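*Asks:* Here the protein sequences come in this chain order: A and B.
Here the first sequence stands for residues 0 to 115, numbered as in my numbering.
Here the second sequence stands for residues 5 to 117, numbered as in my numbering.
Here a beta-carbon is modelled for each residue, glycine too, at the ideal position from N, C-alpha and C.
Since the model is a prediction, treat every value here as computed from it, not as a measurement.
Encoded as structure tokens, here's the structure I'll be asking about.
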Amino acid sequence: GAVVSQHPSRVICKSGTSVKIECRSLDFQATTMFWYRQFPKQSLMLMATSNEGSKATYEQGVEKDKFLINHASLTLSTLTVASAHPEDSSFYICSAKRGGLRNGYTFGSGTRLTVV
Amino acid sequence: GESVGLHLPTLSVQEGDNSIINCAYSNSASDYFIWYKQESGKGPQFIIDIRSNMDKRQGQRVTVLLNKTVKHLSLQIAATQPGDSAVYFCAENVNQAGTALIFGKGTTLSVSS
């Protein structure tokens, strides 16, 4: 149980285009979802916290107009990288939290974004 | 966890050896900790967790030790195998509803046979 599906796994896009990444909890309802970014040889950096039906909370230094998060249902959160540039190239990982469980964090398999 | 942005430290061991991976955390309010394993191009995989009311917890071939006095966490892997080669991260959390895990710096474990 507790599977999180993240799509696409890889995407290459041209500079200036927008890219949408989906994060779905397949067998549970996620009260909260989190988005992380990971650059090569570095740790996971929290970008934002997403709660169903409300606006996401962004970490300091993360541009909310560039990284648009929508959490329309208890099983789906999307991250849209608007007008992507080469410096946005990174590995993006989502995590879904099952409510009430201390260890209820499940991670997606990540999305490798390359902006050319 | 510690601030990120630096290259990951590396631990190299021989197959069959025991491995010890360390992590320092900075938030004294953190009361829940998890160790994750991450293979190249994949998301983090849960290994073992521990709450702050414990000092030690054991799993299959793995043990986590928590020293709250010095804010230090370690992961011990017994009889390390080549399949254990990966990057290992500690993550911390404060007991508030819906808060995120904050990841530490990470260590690359390389196991040679």
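Whose C-alpha, out of Lys109(B), Gln85(B) and Phe93(B), is nearest the C-alpha of Asp21(B)?
*Replies:* Here residue 21(B) refers to the residue found at position 17 of the second sequence. The shortest Cα separation from Asp21(B) among Lys109(B), Gln85(B) and Phe93(B) belongs to Gln85(B).
*Asks:* Opposite Asn26(B) in the DSSP bridges: which residues?
*Replies:* Here residue 26(B) is taken as the residue at index 22 of the second sequence, counted from 1. Per DSSP, Ser78(B).
*Asks:* From this set, Gly52(A), Glu51(A), Met44(A) and Asn50(A), which residue's C-alpha is nearest Glu58(A)'s C-alpha?
*Replies:* For this step, residue 58(A) is matched to residue 59 along the first sequence. Residue Met44(A) is the option with its Cα nearest to Glu58(A).
*Asks:* According to DSSP, is Asp88(B) part of a helix, a strand, or is it coil?
*Replies:* Mapped onto the second sequence, residue 88(B) falls at position 84. Three-state result, Asp88(B): helix.
*Asks:* On a CA-only basis, which of Ala83(A), Tyr91(A) and Lys13(A) is nearest Ala47(A)? Give me that one, please.
*Replies:* Counting from one through the first sequence, the residue named residue 47(A) turns up at place 48. Closest by alpha carbon: Tyr91(A).
*Asks:* Using a Cβ-Cβ cut-off of less than 9 angstroms, list which residues of the segment 53-65 of chain B approach chain A; keep chain order.
*Replies:* Here the close residues are Asp53 and Arg55.
*Asks:* Per the DSSP calculation, Asn71(B) is bridged to which residue(s)?
*Replies:* Locating residue 71(B) in the second sequence gives position 67, where the first residue counts as 1. Per DSSP, His76(B).
*Asks:* Between the segment 100-114 of chain B and chain A, which residues of the former have CB atoms less than 7 angstroms from a CB of the latter, in chain order?
*Replies:* Listed by position, the residues of the segment 100-114 of chain B near chain A (Cβ gap below 7 angstroms) are Gly102, Ala104, Leu105, Ile106, Phe107, Gly108, Lys109 and Gly110.
*Asks:* Below 6 angstroms CB to CB, which residues in the same chain sit around Asp59(B) once its five sequence neighbours on both sides are set aside?
*Replies:* Locating residue 59(B) in the second sequence gives position 55, counting from the first residue. Excluding sequence neighbours, Asp59(B) sits near Leu70.
*Asks:* With 16 as the cutoff for other CB atoms within 10 Å, does Ser108(B) come out buried or exposed?
*Replies:* For the purposes of this step, residue 108(B) is taken as residue 104 along the second sequence, with counting starting at 1. According to the sequence shown, residue 108(B) is Gly rather than Ser. By the 10 Å Cβ count, Gly108(B) comes out buried.
*Asks:* How about Ala83(B) and Arg61(B): are their beta carbons less than 8 angstroms apart?
*Replies:* Within the second sequence, numbered from 1, the residue matching residue 83(B) stands at position 79. Within the second sequence, numbered from 1, the residue matching residue 61(B) stands at position 57. Cβ distance not < 8 angstroms, so Ala83(B) and Arg61(B) don't count as in contact.
*Asks:* In three-state DSSP terms, what is Glu86(A)?
*Replies:* Here residue 86(A) corresponds to residue number 87 of the first sequence, with the count starting at 1. Three-state DSSP puts Glu86(A) in a helix.
*Asks:* For Arg97(A), would you say it is in contact with chain B, using Cβ-to-Cβ distances shorter than 8 angstroms as the test?
*Replies:* The count along the first sequence starts at 1 and reaches residue 97(A) at position 98. For Arg97(A), the answer is no, since every Cβ of chain B falls outside 8 angstroms of its Cβ.
*Asks:* Output needed in chain order: residues of the segment 36-48 of chain B with a Cβ under 9 angstroms from some Cβ in chain A.
*Replies:* Within the segment 36-48 of chain B, the qualifying residues are Tyr36, Ile38, Tyr40, Gln42, Gly45, Lys46, Gly47 and Pro48.
*Asks:* What is the rounded straight-line gap between the Cα of Val115(B) and the Cα of Ala71(A)?
*Replies:* Position 111 of the second sequence, counted from the first residue, corresponds to residue 115(B). Position 72 of the first sequence, counted from the first residue, corresponds to residue 71(A). Rounded to the nearest angstrom, the two C-alpha atoms are 43 angstroms apart.
*Asks:* Apart from the five residues just before and just after Gly63(B), which ones in its own chain have a Cβ nearer than 6 angstroms to its Cβ?
*Replies:* Start at 1 with the first residue of the second sequence, and residue 63(B) comes out as number 59. Excluding positions up to five away in sequence, the list reads Ile52.
*Asks:* Starting from Ile69(A), find everything on chain B with Cβ-Cβ shorter than 8 angstroms and list it in chain order.
*Replies:* Here residue 69(A) is taken as the residue at index 70 of the first sequence, counted from 1. According to the sequence shown, residue 69(A) is Asn rather than Ile. Residues of chain B passing the Cβ test: none, with the nearest at roughly 17 angstroms.
*Asks:* Just to confirm my understanding: we take Thr31(A), look at its own chain, exclude 5 residues before and 5 after, and list those with CB closer than 6 angstroms. What are they?
*Replies:* Taking the first residue of the first sequence as 1, we reach residue 31(A) at position 32. For Thr31(A), where only same-chain residues beyond five positions count, the Cβ hits under 6 angstroms are Asn50 and Lys96.
*Asks:* In chain B, what lies closer than 8 angstroms to Ile92(A) by C-beta?
*Replies:* Position 93 of the first sequence, counted from the start, is the residue given in the question as residue 92(A). By Cβ distance, chain B contributes Gly47 and Pro48.
*Asks:* Could you tell me which chain A residues have their CB closer than 9 angstroms to the CB of Leu12(B), listed as they occur along the chain?
*Replies:* Residue 12(B) sits at position 8 when you count from the first residue of the second sequence. Those are Lys40, Gln41 and Ser42, listed as they occur along chain A.
*Asks:* Please classify Gly107(A) as buried or exposed, where buried requires at least 16 neighbouring CB atoms within 10 angstroms.
*Replies:* Taking the first sequence and counting its residues from 1, one reaches residue 107(A) at position 108. Buried, by the Cβ-count rule.
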